[in-house]
Amino acid sequence: MKKKDVHSYTYAYEYLRDQILTGKIEPNTKLTEEKLAEELSISRTPIRSAIAKLEQEGLIKNKRIFSPTPIDIRNIFQVRILLESFAARYCADYISKDALGRLKECVEIGQKGTMEEVMEANFLFHQIIVEETHNPEIVKIIDRMQSIIYLLRKTVVQQKRPHLIEEHAAIYNAIATHDAHLAEQLMIDHLQKDLEFSIHRLTK
Numbered sequence: 001m002k003k004k005d006v007h008s009y010t011y012a013y014e015y016l017r018d019q020i021l022t023g024k025i026e027p028n029t030k031l032t033e034e035k036l037a038e039e040l041s042i043s044r045t046p047i048r049s050a051i052a053k054l055e056q057e058g059l060i061k062n063k064r065i066f067s068p069t070p071i072d073i074r075n076i077f078q079v080r081i082l083l084e085s086f087a088a089r090y091c092a093d094y095i096s097k098d099a100l101g102r103l104k105e106c107v108e109i110g111q112k113g114t115m116e117e118v119m120e121a122n123f124l125f126h127q128i129i130v131e132e133t134h135n136p137e138i139v140k141i142i143d144r145m146q147s148i149i150y151l152l153r154k155t156v157v158q159q160k161r162p163h164l165i166e167e168h169a170a171i172y173n174a175i176a177t178h179d180a181h182l183a184e185q186l187m188i189d190h191l192q193k194d195l196e197f198s199i200h201r202l203t204k
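Be aware that the sequence shown starts at 1, since it is given in UniProt numbering, and climbs by one per residue.
Listed below in structure tokens is the structure:
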């Protein structure tokens with residue numbers, strides 16, 4: 001890809017990703033390369049590459065903005081429950097002092113922060129736990145789903161799912177007191193409630 005095309009690709013990718021994640025482009029909207037090229041004043045080649053990348057991330061499917069079904073949501077959460085419950089259990093035994101401190105900060109921000117700060121704290125809380133496994137394969141799988149996870153997390157946080165912050169606090173306490181079994185079970189319960197809430201909001 002030429003230097004100019006690389007710049008145009010990055011611009012198109014970041015523009016489309018932002019439009020999708022902020023909800024400015026509605027789910028199930030069909031994307032047209034010609035229209036986007038005209039709108040962004042770039043050629044169709046970087047547009048095509050940007051769409052392909054967003055398809056890999058799960059945000060676009062068959063040239064349409066991804067509109068998750070209950071089955072899609074369940075599939076994503078099944079993977080998260082398996083990996084993040086293991087991660088929580090692992091953290092209870094092996095988390096670093098620095099990471100534990102950052103985890104506590106996430107809980108505190110969740111209790112008193114703005115909506116944007118709570119969203120960021122929610123993301124970091126789960127990211128820290130996953131990264132503390134020091135298992136690149138687990139991190140890679142979760143990273144690949146991050147864009148979709150973000151959209152679902154937005155629903156959970158903005159629609160104010162009950163007891164969300166309290167559950168984070170309980171998971172933190174289980175990890176801090178090295179109760180591996182409890183940390184694992186609390187993470188399973190936490191993500192199961194996220195799953196049920198997300199499906200309920202989708203089908204409402």
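All C-beta atoms in this analysis are idealised placements derived from N, C-alpha and C, irrespective of residue type, glycine included.
Beta-ladder partner(s) of residue i, from DSSP
i: residue 61; result: 64
i: residue 30; result: 64
Nearest residue (CA-CA) to residue i, options the options
i: residue 159; options: 112, 185, 198, 8; result: 198
i: residue 72; options: 152, 43, 132, 120; result: 152
i: residue 50; options: 22, 68, 18; result: 18
i: residue 91; options: 178, 62, 109; result: 178
i: residue 95; options: 135, 69, 155, 193; result: 135
i: residue 171; options: 126, 47, 48, 78; result: 126
i: residue 21; options: 155, 167, 182; result: 155
Run of the alpha helix (DSSP H) containing residue i, from where it starts to where it stops
i: residue 158; result: 146 to 158
i: residue 134; result: Where residue 134 is concerned, there is no enclosing alpha helix (DSSP H), given that its DSSP letter is neither H nor E.
i: residue 45; result: 44 to 56
i: residue 198; result: 180 to 203
Exposure of residue i, with buried meaning 16 or more beta-carbon neighbours within 10 Å
i: residue 163; result: exposed
i: residue 64; result: exposed
i: residue 114; result: exposed
i: residue 133; result: buried
i: residue 110; result: buried
i: residue 194; result: buried
i: residue 46; result: buried
Cβ distance (whole Å) where residue i is taken to contact residue j below 8 Å
i: residue 42; j: residue 13; result: Actually they are not in contact, since the Cβ atoms of residue 42 and residue 13 sit about 11 Å apart, beyond 8 Å.
i: residue 28; j: residue 85; result: Wrong, their Cβ atoms sit about 32 Å apart, outside the cutoff.
i: residue 122; j: residue 157; result: 6 Å
i: residue 131; j: residue 139; result: 6 Å
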